[in-house]
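Asker:
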Amino acid sequence: MEIFSRIVGTGRAMPGQAVTNAQLVKQLAASGIETSDEWIRERTGISQRFIASEGINTSDLAAEAAANALQAAGMSAQDIDLIILATSTPDMIFPSTACLVQKKIGASGCPAFDVQAVCSGFAYAMATADLFIKAGKAKTALVIGAEVFSRILDWTDRTTCVLFGDGAGAVLLAADSKPGILGHRLHARGEFENILRTPGTVSHGKATGHPFLTMDGQAVFKLAVQVLDSVAREVLADVGHQVSDIDWLIPHQANVRILSATAKRLGIDESKVIVTVGQHANTSAASVPLALDLAVRDGRIQAGQRLMLQGVGGGFTWGAVYLQY
Ligand code: ACO
Numbered sequence: 656m657e658i659f660s661r662i663v664g665t666g667r668a669m670p671g672q673a674v675t676n677a678q679l680v681k682q683l684a685a686s687g688i689e690t691s692d693e694w695i696r697e698r699t700g701i702s703q704r705f706i707a708s709e710g711i712n713t714s715d716l717a718a719e720a721a722a723n724a725l726q727a728a729g730m731s732a733q734d735i736d737l738i739i740l741a742t743s744t745p746d747m748i749f750p751s752t753a754c755l756v757q758k759k760i761g762a763s764g765c766p767a768f769d770v771q772a773v774c775s776g777f778a779y780a781m782a783t784a785d786l787f788i789k790a791g792k793a794k795t796a797l798v799i800g801a802e803v804f805s806r807i808l809d810w811t812d813r814t815t816c817v818l819f820g821d822g823a824g825a826v827l828l829a830a831d832s833k834p835g836i837l838g839h840r841l842h843a844r845g846e847f848e849n850i851l852r853t854p855g856t857v858s859h860g861k862a863t864g865h866p867f868l869t870m871d872g873q874a875v876f877k878l879a880v881q882v883l884d885s886v887a888r889e890v891l892a893d894v895g896h897q898v899s900d901i902d903w904l905i906p907h908q909a910n911v912r913i914l915s916a917t918a919k920r921l922g923i924d925e926s927k928v929i930v931t932v933g934q935h936a937n938t939s940a941a942s943v944p945l946a947l948d949l950a951v952r953d954g955r956i957q958a959g960q961r962l963m964l965q966g967v968g969g970g971f972t973w974g975a976v977y978l979q980y
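To convert, note that position 279 of the sequence shown is 934 in our numbering; the numbers rise steadily by one, no gaps.
1. Assuming contact is defined by CB atoms lying nearer than 9 Å, are LEU904 and MET781 in contact in what I supplied?
2. If we count the other Cβ atoms within 10 Å of its Cβ and call it buried at 16 or more, is MET669 buried or exposed?
3. Helix, strand or coil: which one does DSSP assign to MET781?
4. Alpha carbons only, please: which of GLU889, ALA784, GLN703 and ASP746 is nearest the one belonging to ALA975?
5. Nearer than 8 Å: is that true of the beta carbon of ASN937 relative to any heavy atom of the ligand ACO?
6. Less than 9 Å between the C-beta atoms of TYR977 and VAL951, yes or no?
7. When we look at the beta-carbon of GLN934 and count the other beta-carbons within 10 Å, is it buried (16 or more) or exposed?
8. Measure the C-alpha to C-alpha separation of ARG661 and ALA936 and round it to an integer number of angstroms.
9. With the cut-off set at 9 Å, would you say LEU797 and ILE836 are in Cβ contact?
10. Going residue by residue through the region 663 to 710, where are the continuous beta strand (DSSP E) segments of at least 3 residues, counting only ones entirely within it?
11. For LEU851, is the beta carbon positioned less than 8 Å from some heavy atom of the ligand ACO?
12. Could you check the C-alpha separation between LYS681 and LEU808 for me, to the nearest Å?
13. Reducing DSSP to helix, strand and coil, say where ALA862 ends up.
14. What is the DSSP secondary structure of ALA909, counted as helix, strand or coil?
15. Enumerate in chain order the residues of its own chain whose CB-to-CB distance from LYS794 is below 8 Å, with the five nearest sequence positions on each side excluded.
16. Expressed to the nearest angstrom, what Euclidean distance is found between the alpha-carbon atoms of GLY687 and VAL928?
17. Using beta-carbon positions only, say whether ALA707 and ARG806 come within less than 9 Å of one another.
18. Mapping DSSP to helix, strand and coil, what is PHE749?
19. Which of helix, strand or coil does DSSP assign to ARG661?
20. Which whole-angstrom value is the C-beta distance of VAL1018 and GLY700, which I expect to be below 8 Å?
21. With H, G and I counted as helix, E and B as strand and the rest as coil, what does DSSP make of LEU818?
22. Strictly under 9 Å for the Cβ-Cβ distance: is GLY729 near chain B by that measure?
In structure tokens form, the structure reads like this:
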């Protein structure tokens, strides 16, 4: 009998109060950085983001999202036998943020590790968890995307600092004879590492290199649209489905223009695309599970529907997970 990984619960966590474009414009103006609500809205579709206050870390947001997913699934932390957490903003170099979350939610004993694929991290984590479940190595997996991207932004660079926010999203996957994840594909092309990166680290007790996000926005835009189209088609071909079989397209929430262009290339009506970037900005690995949880809880996503989850980001990495909810 074939084993599938089924989503049995979703959750999210957003830190503190939303910071609107108007509030951000005012804050940046105080340090001589000029931007506007119109520019941000028109170029990106973003109207607000959440910024974690000092002392709130990725593991705090991840643990809250996980608790909400457990509650939605009617499960307890002891039911979890695998934790995979996607982040590029871990609490510390080690232990992994997944281990810190394991402690915070009280899920002692199961394997727990982080994956680092930037904005594709959640797709990478879901595909990995699916392989554990299909191989019979886990029955219930907690998969999380969580970030405090505000900590790696250069707040004097208006071309990047208006685009990102903090947050976490989580799903619980359980082994089932009913589908489930139907297929997935992951990709990376390291030769494009320079178009989106945070090229710094900690060495000999000091931050070295440039520990802030840098991006060639137009190069990222073009590549993102191209690969979100191709990876969706690859996964559909793998499982013998058509674009018309997708009920909801849930791409990485970076920019509404990328989402619209992807929908157009795929030939999917924009009404079938979940777009939440306006509410939380680009939260990197957290963006897809955040969008998923928002659309599950507002009733758009219904049992039995087919979802195409897609990540794309630094590396350059990309991937898609196609599933029946
Ligand atoms: N406020 C006001 N003006 C700005 C701002 C700002 N915050 N940022 C840039 N500008 C100005 C520029 O200086 C430039 O001015 P100029 O014409 O006088 O030189 C003008 O706006 C246009 O700048 P462009 O970079 O050409 O703007 P573009 O239309 O390409 O939009 C953007 C920039 C939004 C970054 C776009 O390239 C994009 O969406 N790229 C995709 C990248 C993305 O979303 N990355 C997120 C991370 S990647 C990922 O998650 C996959």
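No residue lacks a Cβ here, since even glycine has one placed at the ideal position from N, Cα and C.
No experiment lies behind these values; they were computed from the predicted model shown.
Answerer: This is what the structure gives:
1. Taking the first residue of the sequence shown as position 1, residue 904 is located at position 249. Taking the first residue of the sequence shown as position 1, residue 781 is located at position 126. Cβ distance not < 9 Å, so LEU904 and MET781 don't count as in contact.
2. Sequence index remark: in the sequence shown, residue 669 carries index 14 (1-based). Flag for MET669 reads buried.
3. Working through the sequence shown from its first residue, we reach residue 781 at position 126. Of the three classes helix, strand and coil, the one that applies to MET781 here is helix, per DSSP.
4. Here the question's residue 975 lines up with position 320 in the sequence shown. The residue with the shortest Cα to Cα distance from ALA975 is GLU889.
5. To locate residue 937, count along the sequence shown from 1; it is residue 282. Yes.
6. Numbered from its first residue, the sequence shown carries residue 977 at position 322. Numbered from its first residue, the sequence shown carries residue 951 at position 296. Contact flag unset, no.
7. Position 279 of the sequence shown, counted from the start, is the residue given in the question as residue 934. By the neighbour-count rule (16 or more Cβ atoms within 10 Å), GLN934 is buried.
8. As a first step, residue 661 must be located in the sequence shown, where it is residue number 6. As a first step, residue 936 must be located in the sequence shown, where it is residue number 281. So the two alpha carbons sit approximately 28 Å from each other.
9. Here the question's residue 797 lines up with position 142 in the sequence shown. Here the question's residue 836 lines up with position 181 in the sequence shown. Not closer than 9 Å, so no.
10. 673 to 675 and 703 to 705
11. Residue mapping note: residue 851 aligns to position 196 of the sequence shown, counting from 1. Checking every heavy atom of the ligand ACO against the Cβ of LEU851, one is found closer than 8 Å.
12. By one-based count along the sequence shown, residue 681 stands at place 26. By one-based count along the sequence shown, residue 808 stands at place 153. LYS681 and LEU808: Cα-Cα distance of roughly 17 Å.
13. The residue you call residue 862 lines up with position 207 of the sequence shown. Here ALA862 sits in strand by DSSP.
14. Your numbering for residue 909 matches position 254 in the sequence shown. Coil, per DSSP.
15. Taking the sequence shown and counting its residues from 1, the one referred to as residue 794 is at position 139. Cβ neighbours of LYS794 beyond the five flanking positions: ASP736, ILE788, ALA829 and ALA830.
16. Mapped onto the sequence shown, residue 687 falls at position 32. Mapped onto the sequence shown, residue 928 falls at position 273. Each residue's Cα considered, the two are about 37 Å apart.
17. The count along the sequence shown starts at 1 and reaches residue 707 at position 52. The count along the sequence shown starts at 1 and reaches residue 806 at position 151. Taking 9 Å as the Cβ cut-off, ALA707 and ARG806 qualify as a contacting pair.
18. For the purposes of this step, residue 749 is taken as residue 94 along the sequence shown, with counting starting at 1. Residue state, collapsed to three classes: coil.
19. Position 6 of the sequence shown holds residue 661. Note: ARG661 maps to strand in three-state DSSP.
20. Since the first residue of the chain shown is 656 and the last is 980, residue 1018 is not available in this structure.
21. In the sequence shown, residue 818 corresponds to position 163, counting from 1. The answer is coil: DSSP assigns LEU818 none of H, G, I, E or B.
22. Note that chain B does not occur in the displayed structure, where there is just one protein chain.
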